Structures are given as structure tokens and as C-alpha cells.
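Chains as they are written, first to last, in our numbering: chain V, 1 to 436; chain S, 1001 to 1160.
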Amino acid sequence: MPYNEPSPLETRVLTRRFGLPNSASIDAYLATDGYAAFRKALGMRPEEIIEQVKISNLRGRGGAGFPAGLKWGFVPRSSPKPKYVVANADEGEPGTCKDRLLMEYDPHSLLEGMLIAGLAVGARAGYIYIRGEYRYIIEIMDRAIAEAGERGFLGKNILGSGFDFDAYTHTGAGSYECGEESALLESLEGKRGVPRIRPPFPAVVGAFGCPTVLNNVETFCAVPSIIRDGGAAFAALGTPKNGGTRLFCVSGHVNRPGVYELPMGFNLLRMINDVAGGVRGGKRLKAVMPGGSSCPVLRAEECDIAMDFDSLAKAKSMLGSGGVVVMDEDTCMVKAVMRIMKFYQHESCGWCIPCREGTLWLKKLLVRCHDGMGRRSDIDLIGELARNMLGRTFCPLGDAAAMPTISFVEKFREEFEAHLDGEPCPFEKSPAPVAV
Amino acid sequence: MTFSAELEAKFTRLVKSYPAGRERAALIPMLLYAQDEVGSMTPELVEEVSRRLGITPLEVDEVISYYTMLRRKPAGKHHIQICTNISCMLLGGEELWEHACRKLDIGNKEVTADGQFSLEEVECLGACSWAPALQVNYDYHHNMTPEKLDQLIDSLRKTH
């Protein structure tokens, strides 16, 4: 493994080919049941395919956790318009680095998942929208598409079934916002990545004004095993309403950071301590962002929790995109949220004023607080400003910036207070000002 | 404006990837692939791409201004992009960034006088579990330290 050693605690379904020699090649794929699920799906009715995905309790792995089978079911098959399948490979949520590995080591599983989605909704073309920085991944996917075409798994009359399907890669060019589904579709059409007003949702009016199934890479990669082994088998791996496994990207202050495939509902403390080797240098755990930077932070004492969508929602956080950012006792929480806000301010597309202005003001306030120049009233002002952004934007970026901010202020108020009155940051070894 | 045969073939393939009448969809890939060859979004390139896709140069410009990877000015031969976002920050991304600025004596989005190197502080590169991370052009370098960065810069200098 070129990235991190696997853990014996993993349940390897989507990552089972990782580490096999030449695992990205179609020969390695075919030798390990590759395209068997697609062959099976060719003999199924579209409703049967969608039913299995529903039974699997597969929920969107991009962050929102929407049930994939339900999403597929929204596509009007009877529409006379062409339909499209779009894979979101824009992976930009800070803390997240899993789709990259899936495409690097198992690109054909993505293609097979998209083919099965195409059968289910009657689509004949699929686009893989890949962030521009992942150029080598685009090359891997292009090779996989060419190989699949040569072996008759893409193109016209696939395996003599009468089903036609073509797949294409499409590069982004640097924009977090394009990971949001409607902005992604705008970008796919050659425009600025600003969100669309919904409804209509992409299932009805998506790519090129046509019905579209749009899912995260990991969601599509789960589909072959669901069709091959049945939705119930996949569902049984996880917890109720949270089927299967998930790729968790553990980063930050742990001994063995890495991407690990674990069953839904895996305990977060166990993930940190037993899978990722515990907090580095014998330090104590302070906080975790459990699903990427958009998710409200958990204090150490909140981390004895099952990692599934519903348990995290109950704890007023989110499972998000699977990015588990671990912070030890020496981490300055004001600095952490300041850096995150700098990111959201940079990435806000500017379409909705509460997000465009809110992220800028929050950044200014957080920088001021971290520099020791904040006023006591700023602490409440940060929370109030963030709360005023909630639900007031066309896409979730405004909420994604506001929600963690509110949680940092609520849960680590004492650290904000420790930065008042011109005091240097208590966590800074050398009080050098941070360039923002 | 002429491009290499390879890039022309890519353009032809790209335009055919989208539904008839929706060729504009090729715009962002065309711009990024062209930038790799031309170096930056020159007025000639904007003109040429707009002509090929049947849209106005203004429509091309408004797309360029949105995407961070599309540059108005050329970068150095080795464009070093250092992530300082949360996961990288926790493991020394900022120190790495400051070290790079000192070492090359340039700031964000600046190019060294000899045109060999440029620096950019970037947002999450999708390498969080192998932080801190950076990219030189499109190549990833993981688990970086200031010492490893020194070695990398020295080796790139030798290759010219």
C-alpha cells in the first residue's frame, strides 16, 4: 500500500482490491468478479435494481447522506429526454481524501456502478467530474474507460444486450463550490460554478436540462457489491438505515493517519485509538471534526459515538464526507476555526449575500480574536452572525461555514476568552502573526 | 493560434463528449489543458477558445475569473502549491509554507526571477491523511517537512 497500512479492524468491501498488483487494470478487475454485477443487472428490471439499492440502505457518501435508491427512483424514466449519470469526483471537503484512492486503485468499480445506474434510469451517457488537481486520476480513469470500451463494457450494444452507454471524464479547474451538485452541473456545462435554485432537482432537470442521477464516487463504487450480493447483505454490514461500510479519512494528530474502510456505526473513539493508533505523542484528545470541516466539532467527551448519519445528527453534528479531523490538547480552537473560515470565505461563490458577506465578516472577527485584538462582545457576535447565515443561501456552503463556527464558539468559549485583552495566543509557541 | 497535434486531438475528443449543441461544456477542460501548453490565459487563447465554441470572449473571461487554477499570468516552471488547510495546518503546513517563502524569497502567486519556481498557498488538495501535502504542477508530495522540501527544490533546480 503506497498510502497507509490497512488495519485488521477494517471491513474491506469497496477497498478489497486495494493493494492487488495492477489493481486498476481491467484484467485484475475481471479476475475479481469485475463487471459480474453489471451482467447480473442486465437481466434485472430497472425497478428491481433500484429496489436493491433501496434495501441496501446506501446513503450518499458525498456528505448529505441522502438515500441513493430514493434518489434514483426520482428520475422520470418515461421522460422523452435523454438521461445522464454524473459522478461527483470533485472531492474538496477539507479532511477528505477517499474518492481519490477509489479511482486510483479501482477505477472500474466506479464505471460499473455508473453503468448499473444507467440501466436503472435509462441513461446512455455518464460524466465523471474530477477536480482539476487530480490530473493523474483523470489519466487513470481515461485509461479505464478505454479498456472498458475495448472489452465491450462501454459503447454500443454492450455485451449484445442492446444497451448503449458511454463514459467521459471532465476536469474541474479549482473550486470547492463545484462539489455542490447543482454548481457542479453548471460547471459541467461550461459555466461559473454557482448553485441552481431547486426545485427542480437534478433527478428531473440536471445535466443539459435532462434527468440526471448524480452521486459521489464512493456511492457508485458501493453499487456493484450491492447488486452482486444483494442489498440486504450490504445493509447488514452497517446499522439500521445506514447500510454498508464507509471510507473514513483519519487525519490530524493521530499515530497512523489514513483511509480506513469500516462498518457504518463504528465507534469514533475506537477508530481514533485502535484503527489510527491513538493520539500522537501520548497527548490527550481535545476535539474531532467527524465528517470534514463543514461538520460541527465534537469535544473529546462526545467522541464515544457510533459513526453513522443518524447518531451524528443526534449529537448535533454530521457524518458528512467521512473526513475525521483529530485535534490534540495543544491545538488552538480559535486558530482552527479561523483557518476553516478563511477557506469558506475563499470558496464562497458570491451568489448569495449571507454567505459572501457572512464568511468575510466571520473571517475578520476570527482573525481579530486570534490576534488578541478581539472584544468580549465579538464572541457572541460571531455566533449571532453565523446563526443568521443558516438556511439563507441557495446551496449548503453558507451552512457549512456557519455550523462548525457556532459549535466552536459554544463548545470552546473559554479559548475565545483566553484570547481577549491583547493576550498572545496561549497555544502559539512563538507569537508570530498568522498571515491571512 | 496553433496548438500541438496532441492538444488538438484532445480538443476534438472533448467537444464530441457532450450532447450536440452543448459544445460549450468543453470550455473548462479546454482552458485548463490549453494552459498546460500555453502557460496562462492569454487574450489570444481566450479569443481562440471563444471562436471554437461559438461563445463570446466575455463569456470565456467570466469563467476564467471564477476558477482558481486558471491563471492570467504564467507560473514558474515548477509551480509549488502548498496546502495550509485544517489537516495540513495541524501537522505543520503553515511552517512548510513559510519555509518555502523564505527559501525561494517569493510570496504567494509570485515567480522567482529566473522563472523556475512559483509558489501558491492552496486550499485542501485531498491528501489530508498524508499531511502536510503539496503539489509541484500536478505531482503530489505527501508527509512533507521543511527538510524534504529543501531536497525537493534542490533536485528540481538540477533538472531545470
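A virtual CB, placed ideally from N, CA and C, is assigned to each residue, including glycine.
Note that the structure is a prediction, hence the values are computed from the model and not measured.
Three-state secondary structure assigned by DSSP to residue i
{"i": "Y1033(S)", "result": "helix"}
{"i": "F412(V)", "result": "coil"}
{"i": "I1055(S)", "result": "coil"}
{"i": "M307(V)", "result": "strand"}
{"i": "N242(V)", "result": "strand"}
{"i": "V75(V)", "result": "coil"}
{"i": "V1049(S)", "result": "helix"}
{"i": "M1(V)", "result": "A caution first: M1(V) carries a pLDDT of 45, below 50, which makes its placement in the model too unreliable to give a value."}
{"i": "V213(V)", "result": "strand"}
{"i": "S1017(S)", "result": "coil"}
{"i": "I130(V)", "result": "strand"}
{"i": "H1141(S)", "result": "strand"}
{"i": "P404(V)", "result": "helix"}
{"i": "V254(V)", "result": "strand"}
{"i": "G62(V)", "result": "coil"}
{"i": "T15(V)", "result": "coil"}
{"i": "V204(V)", "result": "coil"}
{"i": "P67(V)", "result": "strand"}
{"i": "L1134(S)", "result": "strand"}
{"i": "H1078(S)", "result": "strand"}
{"i": "V53(V)", "result": "helix"}
{"i": "P431(V)", "result": "Here the model assigns P431(V) a pLDDT of 46, short of 50, so the residue's position is not dependable and the matter cannot be decided."}
Cross-chain neighbours of residue i in chain S, by beta carbon under 7 Å
{"i": "R413(V)", "result": "Going along chain S, no residue has its Cβ under 7 Å from R413(V), so there is no contact; the nearest lies around 20 Å."}
{"i": "R100(V)", "result": "G1126"}
{"i": "F343(V)", "result": "N1085, E1123"}
Reference residue i, options the options, closest by Cα
{"i": "D166(V)", "options": "F18(V), A123(V), I50(V), P107(V)", "result": "A123(V)"}
{"i": "Q485(V)", "options": "S225(V), T239(V), R198(V), E423(V)", "result": "A question about residue 485(V) goes unanswered here, because the residues of chain V that appear run from 1 up to 436."}
{"i": "G323(V)", "options": "L237(V), L262(V), R45(V)", "result": "L262(V)"}
{"i": "L150(V)", "options": "D380(V), S25(V), C97(V), A402(V)", "result": "The sequence given here has Glu at residue 150(V), not Leu. Checked all of D380(V), S25(V), C97(V), A402(V); the closest Cα to E150(V) is S25(V)."}
{"i": "V486(V)", "options": "E189(V), R387(V), A120(V), G281(V)", "result": "With chain V covering only 1 through 436, there is no way to say anything about residue 486(V)."}
{"i": "S161(V)", "options": "V337(V), S311(V), F38(V)", "result": "F38(V)"}
{"i": "L1091(S)", "options": "G230(V), M327(V), N215(V), L285(V)", "result": "M327(V)"}
{"i": "G441(V)", "options": "T405(V), A401(V), G422(V)", "result": "Outside the displayed span of chain V (1 to 436) sits residue 441(V), for which this structure offers no information."}
{"i": "E301(V)", "options": "G292(V), D310(V), L285(V)", "result": "L285(V)"}
{"i": "L42(V)", "options": "R61(V), V325(V), G118(V)", "result": "G118(V)"}
{"i": "V250(V)", "options": "V325(V), N388(V), A89(V), L268(V)", "result": "V325(V)"}
{"i": "F163(V)", "options": "R45(V), C295(V), K191(V)", "result": "R45(V)"}
{"i": "K1109(S)", "options": "L1125(S), S1118(S), T1056(S)", "result": "S1118(S)"}
Residue(s) in a DSSP beta bridge with residue i
{"i": "C1083(S)", "result": "V1122(S)"}
{"i": "C249(V)", "result": "V259(V), G323(V)"}
{"i": "A125(V)", "result": "Y84(V), D166(V)"}
{"i": "Q345(V)", "result": "Answer is none; Q345(V) lacks a bridge partner."}
{"i": "V288(V)", "result": "L298(V), V326(V)"}
{"i": "E1116(S)", "result": "Reading off the sequence shown, one finds Gln at residue 1116(S), where the question assumed Glu. DSSP output for Q1116(S) lists no bridge partner at all."}
{"i": "G155(V)", "result": "F165(V)"}
{"i": "F266(V)", "result": "M307(V)"}
{"i": "A89(V)", "result": "I130(V)"}
{"i": "T171(V)", "result": "I130(V)"}
{"i": "V279(V)", "result": "V254(V)"}
Residue environment, residue i, which counts as buried when at least 16 other CB atoms sit within 10 Å
{"i": "K363(V)", "result": "buried"}
{"i": "M341(V)", "result": "buried"}
{"i": "F408(V)", "result": "buried"}
{"i": "T1002(S)", "result": "exposed"}
{"i": "I227(V)", "result": "buried"}
{"i": "A1020(S)", "result": "exposed"}
{"i": "Q1151(S)", "result": "exposed"}
{"i": "F66(V)", "result": "exposed"}
{"i": "A1131(S)", "result": "buried"}
{"i": "D308(V)", "result": "buried"}
{"i": "D1139(S)", "result": "exposed"}
{"i": "S317(V)", "result": "buried"}
{"i": "E10(V)", "result": "buried"}
{"i": "A313(V)", "result": "exposed"}
Proximal chain V residues relative to residue i, where beta-carbon distance stays under 8 Å
{"i": "S1129(S)", "result": "Y3, N4, C97, C249, V250, S251, P257, G258, V259"}
{"i": "V1063(S)", "result": "G190, K191, R192"}
Under 9 Å by beta carbon: chain S residues contacting residue i
{"i": "S317(V)", "result": "Ordered by position in chain S, no residue passes the 9 Å Cβ test against S317(V), which lies about 15 Å from the chain."}
{"i": "S56(V)", "result": "Residues of chain S passing the Cβ test: none, with the nearest at roughly 26 Å."}
{"i": "R15(V)", "result": "Before going further, note that residue 15(V) is Thr rather than Arg in the sequence given. Near T15(V) there are no residues of chain S at all, since even the closest Cβ is about 13 Å away, more than 9 Å."}
Within chain V, the residues that residue i reaches when beta carbons sit closer than 9 Å
{"i": "L1090(S)", "result": "S251, G252, H253, V325, V326, M327, D328, T331, A336"}
{"i": "S1017(S)", "result": "A125, Y127, D166, Y168, T169, H170"}
Listed by chain order, chain S residues near residue i by CB distance under 8 Å
{"i": "S187(V)", "result": "I1028"}
{"i": "Y134(V)", "result": "G1126"}
{"i": "P94(V)", "result": "N1085, I1086, S1087, E1123, C1124, C1128"}
{"i": "P82(V)", "result": "P1019"}
Residue i: contacting residues in chain V (beta-carbon distance under 7 Å)
{"i": "S1050(S)", "result": "Within 7 Å Cβ-Cβ: nothing; S1050(S) doesn't reach chain V, min ~11 Å."}
{"i": "M1069(S)", "result": "G132, A173, G174"}
Residue i Cβ short of 7 Å to the ligand SAM heavy atom set
{"i": "A123(V)", "result": "Absence of the ligand SAM is noted for the structure shown, with no ligands found whatsoever."}
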